[in-house]
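J.:
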Amino acid sequence: MSGTYDRAGAKEFARAHLRGLWCAAPTPMRADRSVDEAGFRANLRHWFTELGVDGVFVAGKQGEFFSLSVAERKRLFTVAAEVARACGKGTIMSCSDQNLDTVLELAAHAEGCGADFIVVHAPVLHFLHDRDETLVAYYRHIAERTRLGIALWSHPDSGYLMSPDLCLRIAGIPSVVAIKYSVPRAMYSELSRRAGDALLVSTASEEEWLDNILELGWRLYLCSSPPAMLQAAGDTRMREYTDLAFAGRAEAARRVFDSLAPVRQAIRSTKPGGKPPAHTKYWMELLGQAGGPVRRPMLDLTEAERAATRAAFEGCGLRPVRQAAE
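Just so it is clear: in the sequence shown, position 263 is 263 by UniProt numbering, and no numbers are missing.
#1: For the beta strand (DSSP E) holding residue 221, just list the boundary residues, first then last.
#2: Tell me, to the nearest whole angstrom, how far the beta carbon of residue 52 is from that of residue 236; I am working on the premise that it is less than 8 Å.
#3: Within 10 Å of its beta-carbon, does residue 141 have 16 or more other beta-carbons around it, so buried, or fewer, so exposed?
#4: When you compare the CB positions of residue 120 and residue 107, do they come within less than 9 Å of one another, or not?
#5: Exposed or buried, which one is residue 309 when buried takes at least 16 other CB atoms within 10 Å?
#6: With a CB to CB cut of under 6 Å and the five nearest residues on each side skipped, what residues in its chain are close to residue 25?
#7: Check the Cβ-Cβ distances between residue 44 and every residue of chain D, and say whether any is below 9 Å.
#8: Reducing DSSP to helix, strand and coil, say where residue 335 ends up.
#9: How is the alpha helix (DSSP H) around residue 167 delimited, first residue to last?
#10: For the segment 147–164 against the segment 176–185, do three or more pairs of beta-carbon atoms, one drawn from each stretch, fall closer than 8 Å, so that the two count as touching?
#11: Taking its Cβ as the centre, do 16 or more other Cβ atoms sit within 10 Å of residue 193, making it buried, or is it exposed?
#12: Residue 39 lies in the alpha helix (DSSP H); which residues open and close that run?
#13: Give a yes or no on whether the C-beta atoms belonging to residue 146 and residue 225 are separated by under 9 Å.
#14: Comparing alpha-carbon positions, which option in 136, 293, 221 and 253 lies nearest residue 54?
#15: For my contact list, residue 182 and residue 204 are in at a C-beta cut-off of 8 Å; report their separation, rounded to the angstrom.
#16: Could you give the distance in angstroms between the alpha-carbon of residue 246 and the alpha-carbon of residue 234?
#17: Starting from the N-terminal side, write out each stretch of the alpha helix (DSSP H) that is 4 residues or longer and does not extend beyond the segment 173–228.
#18: Taking the runs of the beta strand (DSSP E) that are 3 residues or longer, which of them lie wholly in the segment 79–147?
#19: Report, in whole angstroms, the separation of the C-beta atoms of residue 316 and residue 266, which I expect to be a contact under 8 Å.
#20: Using a Cβ-Cβ cutoff of less than 7 Å, which residues in the same chain neighbour residue 259 once the five nearest sequence positions on both sides are dropped?
#21: To the nearest angstrom, report how far apart residue 32 and residue 102 are at their CA atoms.
#22: Enumerated in chain order, which unbroken segments of the alpha helix (DSSP H) with a length of 4 residues or greater are wholly contained in the segment 256–314?
#23: When you compare each of 190, 143 and 148 to residue 164 by their alpha carbons, which one comes out closest?
#24: Measure the CB-CB distance between residue 97 and residue 65 and report whether it falls below 9 Å.
#25: Return helix, strand or coil for residue 154, following the three-state DSSP convention.
#26: CB-CB under 8 Å to residue 207, same chain, minus the five flanking residues each way: which ones, in chain order?
#27: Smallest Cα separation from residue 161: which of 144, 188, 137 and 46?
#28: What residue range does the alpha helix (DSSP H) around residue 21 cover?
#29: I'd like to confirm the pairing. Which residues does DSSP put opposite residue 149 in its beta bridges?
#30: Which residue marks the beginning of the alpha helix (DSSP H) containing residue 14, and which one marks its end?
#31: Could you give the C-beta distance for residue 39 and residue 94, rounded to a whole number, given that I count them as a contact under 8 Å?
#32: I'd like to check one pair, residue 301 with residue 272: are the Cβ atoms closer than 9 Å?
#33: Whose CA, out of 47, 109 and 148, lies closest to the CA of residue 8?
#34: Tell me which residues share the same chain as residue 330 and place their Cβ nearer than 7 Å to its Cβ, disregarding the 5 neighbours each side in the sequence.
#35: Tell me the residue span of the alpha helix (DSSP H) that contains residue 245.
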């Protein structure tokens with residue numbers, strides 16, 4: 001994709017190109033916990049060419065950004081932009097950080113390496129009782145310093161949730177194009193109904209994705225790891241039910257969606273509450289993708305947890321047809 005547009009054209013560009021399945025990318029690591037760049041490249045190519053993924057969300061929470069250096073995050077941006085450009089796919093780079101200088105440094109690098117969009121999560125402001133003016137000014141400041149379209153990200157980790165009213169205020173900034181709205185369905189449904197063309201609204205829940213296509217008219221899944229976890233080469237059922245729903249074939253889409261229930265249950269029943277990144281990476285390895293260990297403060301799976309996950313995987317109906325990247 002790697003389109004060129006100015007701030008004034010950001011919303012139009014996003015409506016045309018920020019569509020479909022955008023996968024949040026875990027950061028694969030070698031045994032010594034250094035970034036596995038070759039594995040990252042292989043994963044991206046696999047997702048883009050074999051799993052039907054339209055775009056990738058780089059160095060976000062799924063990517064363990066909190067344990068990566070700024071230099072490592074920049075390198076992941078560059079690699080993802082190169083692979084996506086070669087495959088004709090899109091990128092959205094996570095510039096989220098509590099330090100504003102780091103946000104702006106990452107945004108400048110994203111723009112320079114050819115990213116399509118950036119995402120910036122709402123900063124930690126739980127100690128404020130009235131945050132709205134602070135947040136409007138925060139996003140306006142960032143928007144004035146990059147030409148790239150900006151996706152907001154509101155989630156409980158910040159210590160609060162941005163209200164639909166506040167999101168709509170921030171959407172008045174010309175280059176704010178989307179939001180990953182990790183909130184209860186009533187909240188994101190309200191924002192979606194009110195936003196119109198001002199803001200593309202999405203949430204991470206794959207289990208709600210089909211209903212959101214059919215009931216809310218959504219065309220953007222932004223972003224979590226299910227496109228890489230519920231699918232394998234030759235078994236792209238998330239892509240299949242998404243396209244059926246986009247085409248208005250609701251009953252057929254529902255049948256395909258329902259067929260993934262054993263996969264969802266296998267993941268849900270074996271994921272330790274304190275180890276979601278490690279579980280995701282191990283599941284990816286079982287699918288033939290690059291995963292590897294996690295970095296502190298995250299914990300790796302125990303051998304017993306790996307064995308339980310492997311047993312659930314073997315009975316869930318997904319079958320990898322490629323080998324893990326070395």
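By construction, the Cβ of each residue, glycine as well, lies at the ideal position given by its N, Cα and C atoms.
Given the structure is predicted, the values throughout are model-derived calculations rather than measurements.
T.: In short, the structure shows the following:
#1: 220–224
#2: 5 Å
#3: exposed
#4: Cβ atoms of residue 120 and residue 107: closer than 9 Å.
#5: Result: buried.
#6: 56, 58 and 63
#7: This model lacks chain D altogether; it includes just one protein chain.
#8: What is shown of the chain runs 1 to 326, which leaves residue 335 out entirely.
#9: 164–170
#10: yes
#11: By the 10 Å Cβ count, residue 193 comes out exposed.
#12: 37–50
#13: Judged by their CB atoms, residue 146 and residue 225 are not nearer to each other than the 9 Å cut-off.
#14: 221
#15: 6 Å
#16: The straight-line gap from Cα to Cα measures roughly 21 Å.
#17: 185–195 and 206–216
#18: 90–94 and 117–121
#19: Approximately 4 Å separates the beta-carbon atoms of residue 316 and residue 266; this is inside 8 Å, confirming the contact.
#20: The beta carbon of residue 259 is closer than 7 Å to those of 237 in its chain, skipping five residues each way along the sequence.
#21: 26 Å
#22: 261–270, 276–286 and 303–314
#23: Of the candidates 190, 143 and 148, the one whose C-alpha sits nearest the C-alpha of residue 164 is 190.
#24: A Cβ-Cβ contact shorter than 9 Å links residue 97 with residue 65.
#25: strand
#26: 264
#27: 188
#28: Note, residue 21: premise wrong, no alpha helix (DSSP H); beta strand (DSSP E) at 20–24.
#29: 117
#30: Segment 10–17, the alpha helix (DSSP H) holding residue 14.
#31: Their Cβ separation, rounded to whole angstroms, is 19 Å, which puts residue 39 and residue 94 out of contact at 8 Å.
#32: yes
#33: 148
#34: The requested residue 330 does not occur in the structure, where the chain is confined to residues 1 to 326.
#35: 237–246
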